[in-house]
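See structure below.
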Amino acid sequence: MHCFSRRIRFWTALFLVLYWCGLNAAPAAAGLVPSRVSGATEVTSARDADLLVVQRTLEHKLVAQKLHDYGVTPDDVRVKLAGMSDAELHQLASASKGLPSGSDGLGTLIAVLVIVILIIVVVKLMNKEIVIK
1 MHCFSRRIRF
11 WTALFLVLYW
21 CGLNAAPAAA
31 GLVPSRVSGA
41 TEVTSARDAD
51 LLVVQRTLEH
61 KLVAQKLHDY
71 GVTPDDVRVK
81 LAGMSDAELH
91 QLASASKGLP
101 SGSDGLGTLI
111 AVLVIVILII
121 VVVKLMNKEI
131 VIK
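When we follow this note's numbering, the leftmost residue of the sequence shown carries the number 1, and every step to the right adds one.
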């Protein structure tokens, strides 16, 4: 009542044993990769850090739309930022720290939807009923 002959089963088993031994003979090696500074986000002074915070805030869609509504072009913003003193730039960066930088919250919305769908799938797999009143 065997599907395969004894010879085929023997050679298949021998092949699998040799194959698995070969996999274990060369284990993977892992290690930490040294970090390096990218040229785009290099911060050398407090002014550069403040300027980076303000630029990321200006990338936000709502802020860009409001500036556009007031008739301010991105070139005007760059000229004004370059002409600001360190104290003015720091004050602007401090005021914009609470705002989201460069995003409109779409990632957060997608994460919440994925969590809700995951909960519904788990509840359905447990044969429970979801009732919303």
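Ideal Cβ placement from N, Cα and C applies to all residues, glycine included.
Cβ-based neighbour list, residue i, same chain, cut-off 8 angstroms, excluding 5 preceding and 5 following
i, result
"V54", "L81, L89, L92, A93 and S96"
"Y70", "none"
Nearest-angstrom beta carbon gap, residue j and residue i [assumed within contact, 8 angstroms]
i, j, result
"A130", "V122", "What sits at residue 130 in the sequence shown is Ile, not Ala. About 11 angstroms separates the two Cβ atoms, so there is no contact after all."
Own chain residues within Cβ distance below 7 angstroms of residue i, not counting five before or after
i, result
"R157", "Because the chain in this structure spans residues 1 to 133, residue 157 falls outside the shown range and cannot be described."
"V77", "L58 and L67"
"G120", "The amino acid occupying residue 120 in the given sequence is Ile; Gly does not appear at that position. Only I130 meet the Cβ criterion."
"V63", "T57"
Any non-hydrogen atom of the ligand GDP closer than 7 angstroms to residue i Cβ
i, result
"L18", "In the structure shown, the ligand GDP is absent, as is every other ligand, since no ligand is present at all."
Same chain, Cβ closer than 6 angstroms to residue i, neighbours up to 5 away in sequence not counted
i, result
"D50", "L89, H90 and A93"
"G22", "none"
"I117", "none"
Terminal residues of the alpha helix (DSSP H) in which residue i lies
i, result
"C32", "Going by the sequence as given, residue 32 is Leu instead of Cys. No alpha helix (DSSP H) holds L32; DSSP gives it neither H nor E."
"I119", "L106 to L125"
"T73", "From DSSP, T73 is part of no alpha helix (DSSP H); its letter is neither H nor E."
"Q90", "Residue identity differs from the one stated: residue 90 is His in this sequence, not Gln. Looking at the DSSP string, the run of the alpha helix (DSSP H) that includes H90 is D86 to A95."
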